[in-house]
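**Student:** In the working numbering, the protein residues as written are 22 to 251. For every residue, glycine included, the Cβ atom is placed at its ideal position computed from N, Cα and C. Remember, predicted model here, so these are calculated numbers, not experimental data. Sharing a structure here in structure tokens format.
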């Protein structure tokens with residue numbers, strides 16, 4: 022049996038799984054083309070720095086009674102077939118499970134949902150030009166959204182605000198599309214610098230939040246709207 026390939030672990034988080042104290046497992050491999058990615062080293066499917074799954078389980082097991090949950094993040098967790106067995110193993114240890122995903126594999130997402138307590142779905146761009154700029158087929162993100170909405174699992178959609186690929190109108194476009202589909206929870210995440218010489222200035226990164234008209238429109242579209250600043 023193939024084991025889940027893990028490229029890193031964050032031993033403690035209070036923000037990646039709302040309402041829970043959790044550890045984060047960063048799954049190796051990602052096919053998205055996000056230029057703002059903080060985990061570039063996780064993009065390849067293999068790495069000399071991967072952590073053996075048995076060591077990952079031992080790490081998690083030692084935190085029984087200290088943590089509420091475990092987050093499967095990435096990279097992109099849904100790229101690996103072994104995610105199914107890994108999630109069940111961790112759940113059987115007594116932990117709640119969160120999944121961070123780009124929605125790239127709706128079938129695998131649907132298969133996993135009975136074992137998941139919370140999902141963070143990244144919506145990177147306006148849906149009509151999704152594949153061109155993200156590498157993720159538009160149909161995949163729409164199908165993943167449909168699955169999450171129909172199962173009524175606790176989830177949020179979130180967009181990272183990189184001004185090189187988004188402006189105020191495209192952010193509003195994303196939000197209106199999600200609202201029409203029935204999404205109730207939406208989060209805007211401020212771009213965090215990654216050391217790229219061409220990355221946006223602080224003024225460019227924060228300009229979205231200074232547009233009060235935009236912020237007000239977004240808050241009216243959703244039952245729950247949040248801004249997460251870097």
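Which one of 74, 80, 53 and 51 has the shortest CA to CA distance from residue 43?
**Tutor:** The residue with the shortest Cα to Cα distance from residue 43 is 80.
**Student:** Are there three or more Cβ pairs, one per stretch, closer than 8 Å when the segment 200 to 208 is compared with the segment 234 to 250?
**Tutor:** Judged by Cβ distances under 8 Å, the segment 200 to 208 makes contact with the segment 234 to 250, as three or more pairs qualify.
**Student:** Could you pull the DSSP bridge partners for residue 94 from this structure?
**Tutor:** According to DSSP, residue 94 bridges with 47.
**Student:** Starting from residue 31, follow the beta strand (DSSP E) in both directions and report where the run begins and ends.
**Tutor:** First-last of the beta strand (DSSP E) with residue 31: 27 to 34.
**Student:** Taking the straight line between their C-alpha atoms, what separation do you get for residue 77 and residue 25?
**Tutor:** Cα to Cα, residue 77 sits roughly 10 Å from residue 25.
**Student:** Hey, how far is the Cα of residue 114 from the Cα of residue 104?
**Tutor:** For residue 114 and residue 104, the distance between alpha carbons rounds to 16 Å.
**Student:** What did DSSP end up calling residue 100 once you bin it into helix, strand or coil?
**Tutor:** Here residue 100 sits in helix by DSSP.
**Student:** Of all the alpha helix (DSSP H) runs that stay within the bounds of the segment 138 to 192, which reach a length of 4 or more residues?
**Tutor:** Runs found: 151 to 155 and 159 to 172.
**Student:** Using 10 angstroms around the beta-carbon of residue 226, count the other beta-carbons present and answer buried if the total reaches 16, otherwise exposed.
**Tutor:** Result: buried.
**Student:** For residue 146, collect the residues of the same chain with a Cβ closer than 6 Å to its Cβ; drop the 5 residues on either side in sequence, then sort them by chain order.
**Tutor:** 154 and 155.
**Student:** Nearest to residue 34 by CA position, among 23, 28, 27 and 47, is which residue?
**Tutor:** If we check each option's Cα against that of residue 34, 47 comes out closest.
**Student:** Could you tell me which residues DSSP pairs with residue 117 in its beta bridges?
**Tutor:** Residue 117 is bridged to 90.
**Student:** What residue does the alpha helix (DSSP H) around residue 134 start on, and which one ends it?
**Tutor:** Taken as a continuous stretch (DSSP letters only), residue 134 belongs to no alpha helix (DSSP H), as it is neither H nor E.
**Student:** Let me check one thing: in DSSP terms, what residues is residue 85 bridge-paired to?
**Tutor:** DSSP lists 88 as partners of residue 85.
**Student:** According to DSSP, which residues form a beta bridge with residue 209?
**Tutor:** Answer is 180 and 248.
**Student:** So does the segment 126 to 133 actually touch the segment 55 to 64, counting three or more Cβ pairs closer than 8 Å?
**Tutor:** Result no; under three Cβ-Cβ pairs closer than 8 Å.
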